[in-house]
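Note sheet for the following structure.
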Amino acid sequence: MREYDVVLDATPIYVKPIESGETVDAIEQELETSGKPAAVVLFKINRVILGEFTLLKRGGPSKLEQFQQALQDKDILKVATLNFEDPEKTAPKGWLNIAVSDPFKTFGIESAAPKDRRYRICLKRIPERPDTYVLVKSQLRK
Numbered sequence: 130m131r132e133y134d135v136v137l138d139a140t141p142i143y144v145k146p147i148e149s150g151e152t153v154d155a156i157e158q159e160l161e162t163s164g165k166p167a168a169v170v171l172f173k174i175n176r177v178i179l180g181e182f183t184l185l186k187r188g189g190p191s192k193l194e195q196f197q198q199a200l201q202d203k204d205i206l207k208v209a210t211l212n213f214e215d216p217e218k219t220a221p222k223g224w225l226n227i228a229v230s231d232p233f234k235t236f237g238i239e240s241a242a243p244k245d246r247r248y249r250i251c252l253k254r255i256p257e258r259p260d261t262y263v264l265v266k267s268q269l270r271k
């Protein structure tokens, strides 16, 4: 059995001190037992390498609303083909917030605006909260 459920290729965007009541997507593994996090690192997810990361509903107007809009716009081709977007369609989340005790120790990040780096981030899903993860390991990609 693997020690992680999801592997991401991600780029850090910024680091900021954690605020009271702030929500995060993942926490550093040591923080489960040891105390308070000091910072939050925001990552842009470049791609999901392994597993399935959190999916978000894209939303949008219902098919009936799209049909009415097509009639109003006199888009006969769209009305005839009934080619409408699915309002229930999902897409992977594009951002990841990780609470850490020390951004330098965990990721080698020294400033609030990290340099252009890419990381391989391995996460373990928390069973009671499927959209919450524990950071198992991170590796700087070359």
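In this text, residue positions in the sequence shown follow my numbering: the first is 130, and each later residue adds one. Note that beta-carbon positions come from the ideal geometry of N, C-alpha and C, so glycine has one too.
1. Pick from ALA139, VAL263, ARG131 and LYS203: whose alpha carbon is nearest that of LYS222?
2. So LYS234 and CYS251 are in contact, right, with Cβ under 8 Å, and what is the actual spacing, rounded?
3. Relative to the C-alpha of ASN175, which residue among GLU132, ALA167, VAL169 and ARG246 is closest?
4. Starting from the N-terminal side, write out each stretch of the alpha helix (DSSP H) that is 4 residues or longer and does not extend beyond the segment 154-179.
5. Residue ranges of each alpha helix (DSSP H) run of no fewer than 4 residues wholly in the segment 202-238, ordered along the chain?
6. DSSP puts SER267 in a beta bridge; with which residues?
7. From ALA168 to VAL144, what does the alpha carbon distance come to, in whole angstroms?
8. On the premise that ILE156 lies in contact with PRO166, defined as a C-beta separation below 8 Å, what is that separation, rounded to the nearest angstrom?
9. Can you say whether ARG231 is buried or exposed, counting buried as having 16 or more other CB atoms within 10 angstroms of its CB?
10. By Cβ distance, which residues of its chain are closer than 6 Å to LYS253, with the 5 residues on each side in sequence left out?
11. According to DSSP, is ALA199 part of a helix, a strand, or is it coil?
Taking the geometry as given:
1. Within the sequence shown, residue 222 is the residue found at index 93, counting from 1. Ranking ALA139, VAL263, ARG131 and LYS203 by Cα distance to LYS222 puts ALA139 first.
2. By 1-based counting over the sequence shown, the position of residue 234 is 105. By 1-based counting over the sequence shown, the position of residue 251 is 122. 17 Å between Cβ atoms; not a contact.
3. In the sequence shown, the residue the question calls residue 175 occupies position 46. Ranking GLU132, ALA167, VAL169 and ARG246 by Cα distance to ASN175 puts ARG246 first.
4. none
5. 205-210 and 232-236
6. For the purposes of this step, residue 267 is taken as the residue at position 138 of the sequence shown. Looking at the DSSP output, SER267 sits in a beta bridge with ILE250.
7. The count along the sequence shown starts at 1 and reaches residue 168 at position 39. The count along the sequence shown starts at 1 and reaches residue 144 at position 15. Distance between the alpha carbons of ALA168 and VAL144 is about 7 Å.
8. Translated into the one-based positions of the sequence shown, residue 166 becomes position 37. Translated into the one-based positions of the sequence shown, residue 156 becomes position 27. Contact holds; Cβ gap of about 7 Å.
9. Mapped onto the sequence shown, residue 231 falls at position 102. Residue 231 is actually Asp in this sequence, not Arg. Exposed: under 16 other Cβ atoms inside 10 Å.
10. If you number the sequence shown from 1, residue 253 lands on position 124. So the list reads TYR133, ASP134, VAL263 and VAL265, once near-sequence residues are dropped.
11. For the purposes of this step, residue 199 is taken as residue 70 along the sequence shown, with counting starting at 1. DSSP places ALA199 in the helix class (H, G or I) of the three-state scheme.
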